[in-house]
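> Mind looking over this structure? Questions follow.
Protein chains: 2
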Amino acid sequence: MTHPHCHAGDPVATLDTPALVVDLDALERNIATLAAFARERKLRLRPHAKMHKSAAVARLQLQAGAVGLCVQKTSEAEALAAAGIDDLYISNEVIDPAKLARVAALARRVKLAIAVDSLLGVQRLAAALRAAGSTVDVFVEIDVGQGRCGVAPEQAGALAAALRAAGLRFAGLQAYQGKAQHLRSPAERTAAIEQAAAAVRTALASLERLGLSCPLVTGAGTGSFVHEAASGLWGELQCGSYAFMDRDYADNERDADAPRFEQALFIKSQVISRGAEHAVLDAGHKSHAIDSGLPRVWRHEWSVQNGGDEHCILRGAGLPPLGETVWLVPGHCDPTVNLHAQLVAVRGGLERGVVEAVWPVDARGCVS
Amino acid sequence: MTHPHCHAGDPVATLDTPALVVDLDALERNIATLAAFARERKLRLRPHAKMHKSAAVARLQLQAGAVGLCVQKTSEAEALAAAGIDDLYISNEVIDPAKLARVAALARRVKLAIAVDSLLGVQRLAAALRAAGSTVDVFVEIDVGQGRCGVAPEQAGALAAALRAAGLRFAGLQAYQGKAQHLRSPAERTAAIEQAAAAVRTALASLERLGLSCPLVTGAGTGSFVHEAASGLWGELQCGSYAFMDRDYADNERDADAPRFEQALFIKSQVISRGAEHAVLDAGHKSHAIDSGLPRVWRHEWSVQNGGDEHCILRGAGLPPLGETVWLVPGHCDPTVNLHAQLVAVRGGLERGVVEAVWPVDARGCVS
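Sequence order for the protein chains is H and R.
Each residue of the first sequence is one higher than the one before, counting from 1 in the UniProt record's numbering.
Each residue of the second sequence is one higher than the one before, counting from 1 in the UniProt record's numbering.
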């Protein structure tokens with residue numbers, strides 16, 4: 001059962017709440033803006049589908065020139081492949097043999113790539129592909145400053161040599177600095193990506209020492225991609241959030257030369273209880289993820305207080321009355337989308353718009 | 001598509017990760033423990049299904065003597081009714097006429113109750129029920145200290161009189177102090193529920209002044225219910241988390257006389273990347289909600305660091321190697337369950353157990 005029930009042609013005003021709504025006009029402009037940026041710089045664009053988990057949005061990105069999509073999980077790749085997306089990169093490590101068998105099986109049906117950061121990962125991937133008779137592009141992930149996955153940059157050459165020796169296809173370097181995305185000032189982000197670029201250069205030197213060339217460096221996110229693009233090192237951008245945006249990205253100070261993305265993702269909510277000095281909405285953190293902070297009210301200055309799983313509490317002057325619609329900008333788009341079964345795509349604005357499409361969140365809950 | 005793929009009879013050891021796992025032995029003991037507590041005190045027990053969202057767990061609770069289930073949302077009630085649960089209480093406000101029409105329609109199929117805290121809510125509910133020719137039990141919600149929904153206690157009588165005048169059936173008072181649940185010390189929780197009890201007495205007096213009797217006071221949660229039970233005021237307990245438990249409840253200092261509940265909910269995860277001083281798991285906050293803090297590792301002292309949507313980072317002595325299984329205790333059970341399509345119910349313990357059932361999370365994502 002999916003909620004809310006709605007159909008193309010319904011006025012937004014009648015849409016049940018809470019609902020996850022995409023402003024189609026803003027979404028299309030965001031997709032076109034980043035596509036133009038990449039095209040002008042002759043960079044490949046492979047947007048991250050961990051954000052929208054939706055084949056419908058992926059198709060809009062592919063139509064605008066994206067070379068394929070990134071995902072983080074094998075089950076995400078399976079879900080998007082089942083929905084018709086046929087060029088996918090699992091930009092993350094898989095170490096379980098049973099899951100690697102699924103990766104190898106999927107590689108028989110779609111063009112697939114994956115990241116590795118360990119010799120065990122290489123050996124198991126090679127065994128799974130041999131058993132299935134399939135091939136994938138393999139990127140060596142290097143740690144460019146995040147301190148999470150990835151080998152030390154100076155070890156990239158040795159791992160690339162090992163994967164080639166195991167019969168795998170070395171496709172390049174996975175170099176993503178997740179922690180740089182929400183550093184608030186351009187100066188901080190510049191410094192973080194300079195450090196990441198130094199790590200990439202170290203990794204490239206370690207490849208050269210072994211006589212290996214690097215077909216591609218892939219990475220970058222919505223907060224930092226202008227810096228990766230300017231470095232001349234990255235050949236592919238993996239931005240995800242740019243398509244929908246969120247409160248956390250809006251809180252970044254923009255780089256002077258960065259393209260501007262518009263807020264395209266909203267929670268439609270409603271006032272269900274009123275006190276003298278507060279209003280209670282019917283949307284809590286089962287409707288919008290709060291890992292990156294609370295949502296913001298769109299076009300109003302009311303403060304938002306955490307009201308638990310199912311409520312938000314608003315305070316401030318001129319609070320809305322019982323039954324009033326309130327539009328929220330989620331704190332973090334990726335895990336917010338993952339909470340919902342569907343994206344309601346709206347044309348003509350939030351107030352007077354009309355539902356143009358209802359898109360399933362094809363890979364919702366695909367964490368495995 | 002649901003993940004992970006598994007079937008009854010599978011060894012837990014082969015279960016794909018991340019997976020939401022319920023220890024059936026612990027779950028059954030938790031359900032029996034609270035049922036006995038309520039039975040001995042002649043209190044009604046109406047567990048909150050906002051936590052598990054699962055008809056299978058609801059049936060276990062009903063078999064143990066629960067009178068019915070609570071839910072927070074109309075769509076949750078619809079989903080559980082569709083899965084065969086036929087006595088449901090929406091312990092929350094609904095103000096939208098279209099949604100109230102669904103409430104009224106559902107009341108023709110199951111025994112239904114709902115909360116109100118406004119005259120507008122009363123008028124619209126009455127109109128919807130008249131149109132559908134159905135009836136529901138109506139509870140007046142009072143604010144017992146949480147500062148969210150609910151009328152001031154002294155206004156309970158007037159709202160009860162208004163709802164009776166509108167032809168609705170007054171069923172009693174909704175009196176839940178959500179903020180008391182995670183006050184860490186018994187003394188703080190005692191004080192909070194003493195304040196809530198004073199609010200209930202004020203509300204009862206306001207009813208008496210208008211010649212109205214109160215059929216039932218309903219409320220209480222896993223952190224505070226011993227105090228509501230001891231007060232002699234509440235006749236029905238709404239605990240939800242007791243069945244699964246979580247890290248946040250485990251962090252409470254127990255009341256001396258409180259029943260003990262066991263941790264029954266886990267995320268099975270796996271090490272997918274290793275550094276010299278950290279291990280990276282394949283489960284992040286798309287697998288476990290972090291609104292109430294990070295998960296804890298079960299039976300190990302490793303510290304857990306937020307690794308983003310799809311990863312956790314472990315630090316400490318004797319870190320697990322690549323591929324090792326790690327069991328996480330989620331910070332907050334309710335929104336964690338809501339992230340998953342299914343609960344994998346395991347018999348015989350986490351290490352050597354076997355999958356006994358795979359339960360759908362029937363009301364996953366039902367926020368409307």
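Quick reminder that beta carbons are idealized off the backbone N, C-alpha and C, glycines included.
Just by C-beta distance, which residues in the segment 324–353 of chain H are closer than 8 Å to chain R?
The segment 324–353 of chain H vs chain R, Cβ under 8 Å: D334, P335, N338, L339, H340 and A341.
> Relative to chain H, which residues along the segment 4–30 of chain R have a C-beta separation below 8 Å, given in chain order?
Hits within the stretch, in order: P4, T14, D16, T17, P18 and A19.
> In terms of residues, what are the limits of the alpha helix (DSSP H) holding H/C333?
Position 333 of the first sequence holds residue 333 of chain H. Run containing H/C333: C333 to V337, per the alpha helix (DSSP H) assignment.
> Strictly under 8 Å for the Cβ-Cβ distance: is H/V291 near chain R by that measure?
Reading the first sequence from its first residue, position 291 is the one you call residue 291 of chain H. First, the amino acid is wrong: residue 291 of chain H is Asp here, not Val. Yes, its Cβ sits closer than 8 Å to a Cβ of chain R.
> Pull up the distance between the alpha-carbon of R/T14 and that of R/V326, whole angstroms please.
Indexing the second sequence from 1 puts residue 14 of chain R at position 14. Indexing the second sequence from 1 puts residue 326 of chain R at position 326. C-alpha separation (whole angstroms): 13 Å.
> Helix, strand or coil: how does DSSP classify H/Q63 here?
Counted from its first residue, the first sequence places residue 63 of chain H at position 63. Looking at H/Q63 - three-state DSSP - the assignment turns out to be helix.
> Which residues, taken in chain order from the segment 78–105 of chain R, show a beta carbon closer than 8 Å to some beta carbon of chain H?
Within the segment 78–105 of chain R, the qualifying residues are E78, A79, A82, N92, E93, V94, I95, D96, A98 and K99.
> Using a Cβ-Cβ cut-off of less than 9 Å, list which residues of the segment 278–302 of chain H approach chain R; keep chain order.
Taking 9 Å as the Cβ-Cβ cut-off against chain R, the residues of the segment 278–302 of chain H that qualify are H278, V280, D282, A283, G284, H285, K286, S287, A289, I290 and D291.
> With C-beta atoms as the reference, is H/L207 less than 8 Å away from H/A152?
Start at 1 with the first residue of the first sequence, and residue 207 of chain H comes out as number 207. Start at 1 with the first residue of the first sequence, and residue 152 of chain H comes out as number 152. Not a contact, by the Cβ cut-off of 8 Å.
> Taking 8 Å as the CB-CB limit, is H/M1 close to chain R?
Numbered from its first residue, the first sequence carries residue 1 of chain H at position 1. Unreliable positioning characterises H/M1 in this predicted model, as indicated by a pLDDT of 46, which lies under 50. The coordinate reading is nonetheless provided below. Output row for H/M1: interface = yes.
> If we ignore side chains and look at the alpha-carbon of each, how far apart do R/M1 and R/A341 end up?
By one-based count along the second sequence, residue 1 of chain R stands at place 1. By one-based count along the second sequence, residue 341 of chain R stands at place 341. Residue placement at R/M1 cannot be trusted, given a pLDDT of 46 that sits under 50; the coordinates are not used to answer.
> Determine which residues of the segment 143–157 of chain H have a Cβ less than 8 Å from any Cβ of chain R, and write them out in chain order.
Result list: D143, G147, R148, C149 and G150.
> Report the three-state DSSP secondary structure of R/K99 (helix, strand or coil).
As a working mapping, residue 99 of chain R is identified with position 99 in the second sequence. Helix.
> With a threshold of 8 Å between beta-carbons, can H/R44 be considered close to chain R, or not?
Position 44 of the first sequence holds residue 44 of chain H. So, not an interface residue.
> With 7 Å as the C-beta to C-beta threshold (strictly closer), list the residues of the segment 164–188 of chain R near chain H in chain order.
For the segment 164–188 of chain R, which is checked against every Cβ of chain H, the residues closer than 7 Å are G178.
> When the cut-off is 8 Å and only beta carbons count, does H/L265 lie next to chain R?
As a first step, residue 265 of chain H is located in the first sequence; it is residue number 265 there, counting from the start. It does not: the Cβ of H/L265 has no partner Cβ on chain R nearer than 8 Å.
> Can you look up R/I290 in the DSSP assignment and give me helix, strand or coil?
Counted from its first residue, the second sequence places residue 290 of chain R at position 290. If DSSP states are grouped into helix, strand and coil, R/I290 belongs with coil.
> Helix, strand or coil for R/E154, going by three-state DSSP, please let me know.
As a first step, residue 154 of chain R is located in the second sequence; it is residue number 154 there, counting from the start. It is helical.
> I'd like to check one pair, R/G331 with R/P360: are the Cβ atoms closer than 8 Å?
Mapped onto the second sequence, residue 360 of chain R falls at position 360. Mapped onto the second sequence, residue 331 of chain R falls at position 331. Taking 8 Å as the Cβ cut-off, R/P360 and R/G331 do not qualify as a contacting pair.
> Under a Cβ-count criterion, where at least 16 other Cβ atoms within 10 Å of its own Cβ denotes burial, should H/L237 be classed as buried or exposed?
One-based indexing of the first sequence puts residue 237 of chain H at position 237. Its Cβ being crowded by 16 or more others within 10 Å, H/L237 is buried.
> Around the C-beta of R/D248, are 16 or more other C-beta atoms found within 10 angstroms, so that it is buried, or is it exposed?
Counting from 1 along the second sequence, the entry for residue 248 of chain R is found at position 248. That one is buried.
> Going straight from the alpha carbon of H/R108 to that of H/S134, what length do you get?
On the first sequence, position 108 is the one that residue 108 of chain H refers to. On the first sequence, position 134 is the one that residue 134 of chain H refers to. Between H/R108 and H/S134, the C-alpha separation is close to 6 Å.
> State the CB to CB distance for the pair H/I95 and R/G323, rounded to an integer number of angstroms; the pair is presumed to be in contact (CB under 8 Å).
Counting from 1 along the first sequence, the entry for residue 95 of chain H is found at position 95. Counting from 1 along the second sequence, the entry for residue 323 of chain R is found at position 323. With a Cβ gap of about 5 Å, H/I95 and R/G323 count as contacting.
> Given a threshold of 16 other Cβ atoms within 10 Å of its Cβ, counted over all protein chains shown, does R/L210 qualify as buried or as exposed?
Here residue 210 of chain R refers to the residue found at position 210 of the second sequence. Exposed: under 16 other Cβ atoms inside 10 Å.
> Over the uninterrupted alpha helix (DSSP H) stretch that includes H/Q123, give me the two end residues.
By one-based count along the first sequence, residue 123 of chain H stands at place 123. Here the alpha helix (DSSP H) through H/Q123 covers L119 to A132.
> Measure the alpha-carbon distance for R/A162 versus R/G121 and round it to whole angstroms.
Position 162 of the second sequence, counted from the first residue, corresponds to residue 162 of chain R. Position 121 of the second sequence, counted from the first residue, corresponds to residue 121 of chain R. When rounded, the distance between both Cα atoms is 11 Å.
> 8 Å is my cut-off, CB to CB: does R/D117 come that close to chain H?
Taking the second sequence and counting its residues from 1, one reaches residue 117 of chain R at position 117. Chain H contact via Cβ: present.
> Name the chain H residues that come within less than 8 Å of R/G307, Cβ to Cβ?
Walking along the second sequence from the start, residue 307 of chain R turns up at place 307. Under the 8 Å cutoff, chain H gives R148.
> Taking the CB atoms as reference points, tell me whether H/L43 and H/G65 lie closer together than 8 Å.
As a first step, residue 43 of chain H is located in the first sequence; it is residue number 43 there, counting from the start. As a first step, residue 65 of chain H is located in the first sequence; it is residue number 65 there, counting from the start. It is not a contact, given that the beta carbons lie outside the stated cut-off.
> Within 10 Å of its beta-carbon, does R/A79 have 16 or more other beta-carbons around it, so buried, or fewer, so exposed?
Locating residue 79 of chain R in the second sequence gives position 79, where the first residue counts as 1. The residue is buried, with at least 16 neighbouring Cβ atoms inside 10 Å.
> Kindly confirm or deny that the segment 262–269 of chain H and the segment 249–262 of chain R touch, where touching means at least three C-beta pairs closer than 8 Å.
No, the segment 262–269 of chain H is not in contact with the segment 249–262 of chain R.
> Is there a C-beta anywhere in chain R that falls below 8 Å from the one on H/V367?
The residue labelled residue 367 of chain H in the question sits at position 367 within the first sequence. Output row for H/V367: interface = yes.
> For H/W302, which beta-bridge partners are listed by DSSP?
By 1-based counting over the first sequence, the position of residue 302 of chain H is 302. DSSP output for H/W302 lists no bridge partner at all.
> Taking the alpha-carbon of R/L24 as reference, which of R/A105, R/A8 and R/F37 has the nearest alpha-carbon?
Residue 24 of chain R sits at position 24 when you count from the first residue of the second sequence. Nearest of R/A105, R/A8 and R/F37 to R/L24, Cα basis: R/A8.
> Give the C-beta separation of R/L173 and R/V140 to the nearest angstrom, bearing in mind that I take them to be a contact with Cβ-Cβ under 8 Å.
One-based indexing of the second sequence puts residue 173 of chain R at position 173. One-based indexing of the second sequence puts residue 140 of chain R at position 140. Indeed, because the Cβ distance is near 6 Å, the residues count as touching under 8 Å.
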